[in-house]
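In the numbering used here, the protein residues as written are 246 to 735.
Positions of the beta carbon are idealized from the N, C-alpha and C atoms, including for glycine.
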Ligand code: SF4
């Protein structure tokens, strides 16, 4: 049965319809030549490129390659300061938070860097039932306080598109009492295998938020080596064009990414840039988010060893922020707390917290990681309360806002708003209101103390950026939220 199912995964017409002639948009020669023996740009050229980033325009391959060639420490520092300015201009001091939820450890693929690969005989294989999912989300929404999930599925007939659609509906059905109000998951993002257009339509109708698929590597030779022939995932182009299919299916928030550490990180950055530019050119919509997970150890996975240093990871975040300035950037608990603090100012907009990636791990309330049940090992296992407090202490407000999506601020509309800076006003108001909610429903005394002073500062800033009428309306929503009203937004 699995064999027959695998044979129906790839629809050649839905993969090849976007090609220009015989070629796809990952131009191997262009990438290789752009990286070869490139001199560091002079100060004038560097400043021109950074000005372009500050105007929130996507860079060209040539400009990005120049940033990759910068070696002078002063120039690197200038790039980092500009990345921070770009981030502030588009997203201010907000960090959106989420939790990952792993649904299945069954997978038909055999990726050499992954603990869930079919060749790993030492892992417990399981797919969560709808009851399991409800139990997990009751803890996430009712005890921890998450509002947004990235739900992760292996590629397997037991976790196919219908299962994904059913699980999205189950997640939205959870409604748990909290200290003051109710806890619900308001945004379900999905990380799953590439799907056909019909199946993408099915999960969109179920209420999908962002659809996330990482290419893992844009280097096709390397791709071939780590994704063994005969597996579904070995088809580079089926994966490469899944966001084209998603956009055709009406999903307009798409998330791309690469697994940094498999090969040359500079190659992956140019691959991500080409991918973003292709989506912008063809659909007018670039990636809603870019993820840059660094390869970490995984059980029985021969290629799970990262070749990316901490300093290189700083460069990766900086250059991605500068090259695709409007996009959201996701940093996860793969990185330890110190590294996360270090990377945040360079352009990160979303991060997870209190994450558990073992199957069914949230409802078991266990602190330890369970290697035989999870895909890889996490480095940051702090609670959401600790992370929110830590962020507040360094001036970031954790936003639990999910309003933009529900007000139709998605796809091209959100891109235009982000580019013009107009989205920031709504986001600021909603960040304060959802932060108030979260403090009242879930925060510890210590976090409330730090959070209150941050909120006072934020309210003063709101006063200075909106009209008097809007400020009055905002204060009214804030007051009602303090009295127990929930899910008010602009
Ligand atoms: S990386 Fe994904 S597709 Fe590959 S084996 Fe792991 S779960 Fe399966």
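Within the present structure, is the beta-carbon of residue 457 separated from the nearest heavy atom of the ligand SF4 by less than 7 Å?
-> no
Tell me whether residue 400 counts as near the ligand SF4, meaning its Cβ is closer than 7 Å to at least one heavy atom of that ligand.
-> yes
Is it buried or exposed for residue 339, if we count other Cβ within 10 angstroms and need 16 for buried?
-> buried
Kindly examine the ligand SF4 and report whether one of its heavy atoms sits closer than 7 Å to the Cβ of residue 354.
-> yes
Sub-8 Å separation of residue 416 and residue 391 beta-carbons | no
For residue 573: DSSP bridge partner residues | 534
DSSP three-state call for residue 596: helix, strand or coil?
-> strand
Is it the case that the Cβ atoms of residue 503 and residue 456 are separated by a distance below 8 Å?
-> no
Test item: CB-CB of residue 632 and residue 598 under 8 Å = yes
Whole-number beta carbon distance between residue 310 and residue 279, since they are thought to touch under 8 Å | 4 Å
Going by DSSP, what residues sit across from residue 326 in a beta bridge?
-> Its beta-bridge partners do not exist; DSSP assigns none.
Using the C-alpha atoms, what's the distance from residue 506 back to residue 549?
-> 9 Å
With 16 as the cutoff for other CB atoms within 10 Å, does residue 274 come out buried or exposed?
-> exposed
Output yes or no for whether 8 Å exceeds the beta carbon distance between residue 384 and residue 641.
-> no
Determine the burial state of residue 552: buried for a count of at least 16 other Cβ atoms within 10 Å of its Cβ, exposed for fewer.
-> exposed
Rounded C-beta distance between residue 458 and residue 439? I'm assuming under 8 Å.
-> 6 Å
Measure the alpha-carbon distance for residue 589 versus residue 535 and round it to whole angstroms.
-> 14 Å
Hey, is residue 620 close to the ligand SF4, as in C-beta under 7 Å from one of its heavy atoms?
-> yes
Per DSSP, residue 456 forms a beta bridge with which residues?
-> 435 and 499
If you count every other CB in all the chains shown that lies within 10 Å of the CB of residue 487, and 16 or more means buried, which is it?
-> buried
Given 8 Å as the limit, is there contact between the segment 311-329 and the segment 559-566, that is, 3 or more CB pairs closer than that?
-> yes
Where residue 302 and residue 592 are concerned, what is the direct C-alpha to C-alpha distance, given to the nearest angstrom?
-> 15 Å
Is the beta carbon of residue 629 sitting closer than 8 Å to the one on residue 389?
-> yes
Can you tell me which of 621, 494, 523 and 526 puts its alpha carbon nearest to the alpha carbon of residue 546?
-> 621
Compute the distance between the beta-carbons of residue 533 and residue 495, then report whether it is under 8 Å.
-> no
Paired residues, beta bridge with residue 394 - DSSP | 344 and 433
Does the count of Cβ pairs from the segment 709-717 and the segment 641-660 closer than 8 Å reach three?
-> no
Whose C-beta lies closer than 6 Å to the C-beta of residue 480 among residues of the same chain, with five residues either side of it excluded?
-> 255
Looking at the structure shown, is residue 602 part of a helix, part of a strand, or coil, going by DSSP?
-> coil
Going by Cα to Cα distance, which pick from 626, 393 and 263 is closest to residue 740?
-> Absent from the structure is residue 740, since the part of the chain shown begins at 246 and ends at 735.
From residue 399 to residue 290, what distance separates their C-alpha atoms?
-> 45 Å
Thinking C-beta only, is residue 304 closer than 8 Å to residue 568?
-> yes
Among 443, 453 and 508, which one has its Cα closest to the Cα of residue 469?
-> 508
Put residue 371 into one of helix, strand or coil per three-state DSSP.
-> coil
Using the Cα positions of residue 297 and residue 517, report the straight-line distance between them to the nearest angstrom.
-> 18 Å
Under the three-state DSSP convention, the category residue 462 falls into | coil
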